[in-house]
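**Q**
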Amino acid sequence: MRARFLAQLIRSQDAAVAPTVAISLFGLIAVGGIAFDYARLAAMDSELQSAADQAALAAATQLDGASDSITRATTAARNLVTNNSRFASDQSAIGVPTLVFFKAYDQSTDTGTTTSTAPEAKYVQVTVSPRTAVYALTPIVNLLHRSDSVSAQAVAGLGAAICKVPPLMICNPREGASPDDFPSSSDVGKGLKLEAGGGQTWTPGNYGYLDFGSGANAVEQALAANSDVENCVNAQTVQTKPGNTASVPDAINTRFDIYGSGLTNYCSVSSNGTSNCSPALNVRKDVIHTTITAGNGNGNGNGNGNGNGGGNSGPNCAFANGVNPWILPPTQYLPDPVSRTSATPTNMGMPRDICHAVSTDGDCGGATVKDRFGDGNWDRSLYFSVTHSAADLSAAASWAGKTTSTLTRYDVYKWELATVGKLNDLTAGAGYYAYSAPKCATGIDESTTQKDRRVLTVAVVDCQAGQVKGSSPVKVKKWVDMFLVEPSLNRPRTGQDQIYVEIIGDATKPGGGNSYQYYSRNKPYLIK
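When you read off a place in the sequence shown, starting at 1, and then add 753, the result is the number in this note's numbering.
(1) Using the DSSP secondary-structure output, state which residues sit across from Gln878 in a beta bridge.
(2) What whole-angstrom Cβ distance do Met1103 and Glu1239 have, given they're in contact under 8 angstroms?
(3) With DSSP as the reference, identify every bridge partner of Leu921, one or two as the case may be.
(4) Could you check the C-alpha separation between Ile1257 and Ser938 for me, to the nearest Å?
(5) Spatial neighbours of Gln807 within its chain, please: C-beta separation below 7 angstroms, excluding the five flanking residues on both sides.
(6) Look up Asp1259 in the DSSP assignment and give the residues it is bridged to.
(7) Tell whether a beta-carbon distance below 7 angstroms holds between His1109 and Lys943.
(8) Please check the pair Ala1194 and Asp1010, which I expect to be a contact at CB under 8 angstroms, by giving their CB distance rounded to whole angstroms.
(9) Tell me the DSSP secondary structure of Asp1106 in three-state form.
(10) Are the CB atoms of Thr1201 and Pro1263 nearer to each other than 7 angstroms?
(11) Have a look at Glu1169 and Tyr962 and give me their C-alpha separation to the nearest angstrom.
(12) Measuring only the C-alpha atoms, how far is Leu1135 from Leu1146?
(13) For Asp933, which residues in the same chain have their Cβ closer than 6 angstroms to its Cβ, ignoring the five residues on either side in sequence?
(14) Using a 10 Å radius around the Cβ and a threshold of 16 neighbouring Cβ atoms, would you call Gly910 buried or exposed?
(15) Determine the DSSP secondary structure at Gly1127, reduced to helix, strand or coil.
(16) Output the distance between the C-alpha atoms of Gly1154 and Pro883, rounded to the nearest integer angstrom.
(17) In the DSSP assignment, find the beta strand (DSSP E) that holds Thr867 and state where it starts and stops.
(18) Just how far apart, CA to CA, sit Ala975 and Pro919?
(19) Rank Leu1176, Ile1197, Ile823 and Ala809 by C-alpha distance to the C-alpha of Asn1029 and give the top, closest one.
(20) According to the neighbour-count rule (16 or more other Cβ atoms, all chains shown, within 10 Å of its Cβ), is Ile1080 buried or exposed?
(21) With a 10 Å radius around its C-beta and 16 neighbouring C-beta atoms as the bar for buried, classify Thr1094 as buried or exposed.
(22) Got a sec, what are the start and stop residues for the alpha helix (DSSP H) Leu1170 sits in?
(23) At which residues does the beta strand (DSSP E) containing Leu816 begin and terminate?
(24) Are the CB atoms of Arg1133 and Tyr1253 nearer to each other than 7 angstroms?
(25) Could you give the DSSP three-state label for Glu973: helix, strand or coil?
(26) Cβ of Lys1228 less than 7 angstroms from any chain B Cβ?
(27) Between which two residues does the beta strand (DSSP E) containing Val1076 stretch?
(28) What are the partner residues of Thr1180, as DSSP defines its beta bridges?
(29) Do Ala804 and Val853 have their CB atoms nearer than 7 angstroms?
(30) Apply the 10 Å Cβ neighbour rule to Val1165 and answer buried if 16 or more other Cβ atoms are within range, or exposed otherwise.
(31) Bridge partners of Val1213, per DSSP?
(32) Residues in its own chain within less than 6 angstroms of Ser1297 by CB, not counting five upstream and five downstream?
(33) I need the DSSP call for Ile1005, collapsed to helix, strand or coil.
(34) Got a sec? Which residues, its chain only, sit under 8 angstroms from Asp817 by beta carbon, not counting five neighbours each side?
(35) With distance defined between alpha-carbon atoms, name the residue in Asp1003, Leu1279 and Thr1261 nearest to Ser1241.
(36) I need the DSSP call for Glu948, collapsed to helix, strand or coil.
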């Protein structure tokens, strides 16, 4: 019996694999542990890369060319990473990331030119601090306990589109100053004399045009049009169109109810009655007309203030044989260079700052560049005595919440619109008429979709840092609203190619409100 049992036991194959399993157990645990822990490592790498990507995008949104853009970009990236534990596989916060800024970056070689100057920073590289993955299973078989250090890096830039703005740019009048804060609160209400730029030298205060890609006619049309006539364009590809492009001043003058012979058909009186390029409701200006019969021009007191003479598109408004029917009055507003006083003019539009009306280089500030800034001191008393009454000066100041010495031309412009009877037409000598309400075309009012026609939104560009020369790509630093003081015409002491404006402040949406994104739609994008 015993011998038979031993023989059966020797022949039995039950549990024959157990030794093999026991021997291979350590190998199976090692393979499974490596797979599990590698997946853990891959997840951590993805989390780190996601942290780097999101931090780079957050930083890039702040690269708007302002003097504090690098500081804001650094704060945005670090706050996003350190405040989000979800980027760490062990639920602990990732360390403070490292940021490097570039003014140029070559995506093909992943190299760039670094900068620490905020206005130059166009790209940002974010590197998140290294981490190691602590393995869960491979240590059981005494293989790997933790990974090597793993980090992640991303590079991002800021793409921008320009939308719904006139194609007018100026070189930052305060570029290189400290602080570079144009326009500051002290700039509001000052006159600014814009001189045409071009060639090889663009200095602070020069102006030019943004070429949206369709040539001079498109620039003129976009500058005169009631609303945006161009699609949004990539701000990185916008080029300057330097100088006073032929007939473009005619586009500005449509806002004053003046329709020159150089206008495109889109805006001309003869082709469409100027419904595409309407004047403002208040077109008081320093030039007069000889042949149009005066209308009553009284405002209705509700802020619309338009006169009843709109819509006349007859030959009296046309430039017959290229001759401008709008002329300077017999007695003009021309302050004496020494006394700063003027003979009483027969008509006045909104005047320049007195130092600019005198118009001697250095008269407003010393150096020619500084001379482009006025001092906000314009002849308020004379303006009111000619166009309204001396008592109205105090009334307008009270309406605007200002003093008579701080009242701006833009304040007066709005007061005239809002007050019954103040858009009055004047007789400026026998047969001469000075019109405050439009006569050649129907004026349009400001609304939530329509900017006031006497307000220009202007692109401010750091021309020297951006090396703007002739036709150059530009990066718009900010947008500023400016009040058109007078038509762009040839006058004594000023010449033909000046645009004279009063600084209102940072650009706002039509109807008011913060609007930077309305004019420049920015979107960050990953490069690497």
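Every residue, glycine too, gets a C-beta built ideally from N, C-alpha and C.
**A** So, from the listed chains and residues:
(1) Along the sequence shown, one-based indexing puts residue 878 at 125. Answer by DSSP bridge pairing, in chain order: Val853 and Val908.
(2) As a working note, residue 1103 is residue 350 in the sequence shown. As a working note, residue 1239 is residue 486 in the sequence shown. With 8 angstroms as the limit, Met1103 and Glu1239 qualify as a contact, their Cβ atoms being about 7 angstroms apart.
(3) Locating residue 921 in the sequence shown gives position 168, where the first residue counts as 1. In the DSSP output, where bridge partners are listed per residue, Leu921 has Tyr962.
(4) Here residue 1257 is taken as the residue at index 504 of the sequence shown, counted from 1. Here residue 938 is taken as the residue at index 185 of the sequence shown, counted from 1. The straight-line gap from Cα to Cα measures roughly 10 angstroms.
(5) For the purposes of this step, residue 807 is taken as the residue at position 54 of the sequence shown. Cβ neighbours of Gln807 beyond the five flanking positions: Leu833.
(6) Counting from 1 along the sequence shown, the entry for residue 1259 is found at position 506. Per DSSP, Val1233.
(7) Here the question's residue 1109 lines up with position 356 in the sequence shown. Here the question's residue 943 lines up with position 190 in the sequence shown. No, these two residues do not count as a Cβ contact at 7 angstroms.
(8) Locating residue 1194 in the sequence shown gives position 441, counting from the first residue. Locating residue 1010 in the sequence shown gives position 257, counting from the first residue. Indeed, because the Cβ distance is near 6 angstroms, the residues count as touching under 8 angstroms.
(9) By one-based count along the sequence shown, residue 1106 stands at place 353. Asp1106: strand per DSSP, three-state reduction.
(10) One-based indexing of the sequence shown puts residue 1201 at position 448. One-based indexing of the sequence shown puts residue 1263 at position 510. In contact: Thr1201 and Pro1263 (Cβ atoms closer than 7 angstroms).
(11) Your numbering for residue 1169 matches position 416 in the sequence shown. Your numbering for residue 962 matches position 209 in the sequence shown. The straight-line gap from Cα to Cα measures roughly 31 angstroms.
(12) Numbered from its first residue, the sequence shown carries residue 1135 at position 382. Numbered from its first residue, the sequence shown carries residue 1146 at position 393. Looking at the two C-alpha atoms, the distance is approximately 10 angstroms.
(13) Position 180 of the sequence shown, counted from the first residue, corresponds to residue 933. So the list reads Ser820 and Arg927, once near-sequence residues are dropped.
(14) On the sequence shown, position 157 is the one that residue 910 refers to. Burial call: buried.
(15) Within the sequence shown, residue 1127 is the residue found at index 374, counting from 1. Three-state result, Gly1127: coil.
(16) For the purposes of this step, residue 1154 is identified with residue 401 of the sequence shown, where counting begins at 1. For the purposes of this step, residue 883 is identified with residue 130 of the sequence shown, where counting begins at 1. Distance between the alpha carbons of Gly1154 and Pro883 is about 59 angstroms.
(17) One-based indexing of the sequence shown puts residue 867 at position 114. Where Thr867 is concerned, the enclosing beta strand (DSSP E) stretches over Thr864 to Thr867.
(18) One-based indexing of the sequence shown puts residue 975 at position 222. One-based indexing of the sequence shown puts residue 919 at position 166. Roughly 6 angstroms separates the two Cα atoms.
(19) Taking the sequence shown and counting its residues from 1, the one referred to as residue 1029 is at position 276. With distances taken between Cα atoms, Asn1029 lies closest to Ile1197.
(20) Start at 1 with the first residue of the sequence shown, and residue 1080 comes out as number 327. Ile1080 comes out exposed.
(21) Taking the first residue of the sequence shown as position 1, residue 1094 is located at position 341. Exposed: under 16 other Cβ atoms inside 10 Å.
(22) Working through the sequence shown from its first residue, we reach residue 1170 at position 417. Arg1162 to Ala1171 is the extent of the alpha helix (DSSP H) around Leu1170.
(23) One-based indexing of the sequence shown puts residue 816 at position 63. Careful: Leu816 lies outside any beta strand (DSSP E) and carries neither H nor E.
(24) Sequence index remark: in the sequence shown, residue 1133 carries index 380 (1-based). Sequence index remark: in the sequence shown, residue 1253 carries index 500 (1-based). No; because the gap between Cβ atoms is not below 7 angstroms, this pair is not in contact.
(25) The residue given as residue 973 occupies position 220 in the sequence shown. In this structure, Glu973 counts as helix in the three-state DSSP scheme.
(26) Among the chains of the structure shown, chain B does not appear; only one protein chain is present.
(27) Counting from 1 along the sequence shown, the entry for residue 1076 is found at position 323. No beta strand (DSSP E) contains Val1076, which DSSP labels as neither H nor E.
(28) Here residue 1180 refers to the residue found at position 427 when the sequence shown is read from its first residue. Per DSSP, Tyr1186.
(29) For the purposes of this step, residue 804 is identified with residue 51 of the sequence shown, where counting begins at 1. For the purposes of this step, residue 853 is identified with residue 100 of the sequence shown, where counting begins at 1. The answer is no: Cβ separation not under 7 angstroms.
(30) Reading the sequence shown from its first residue, position 412 is the one you call residue 1165. Counting Cβ neighbours within 10 Å, Val1165 comes out buried, since at least 16 surround it.
(31) Taking the first residue of the sequence shown as position 1, residue 1213 is located at position 460. Per DSSP, Ile923 and Lys1231.
(32) Outside the shown range of the chain, which is 754 to 1281, sits residue 1297, and nothing can be said about it.
(33) Taking the sequence shown and counting its residues from 1, one reaches residue 1005 at position 252. Ile1005 falls in the helix class under three-state DSSP.
(34) Here residue 817 refers to the residue found at position 64 of the sequence shown. The residues are Leu911, Lys1230, Lys1231 and Asn1275.
(35) As a position in the sequence shown, residue 1241 is number 488, starting the count at 1. Minimum Cα distance to Ser1241 is reached at Asp1003.
(36) By 1-based counting over the sequence shown, the position of residue 948 is 195. Three-state DSSP puts Glu948 in a strand.
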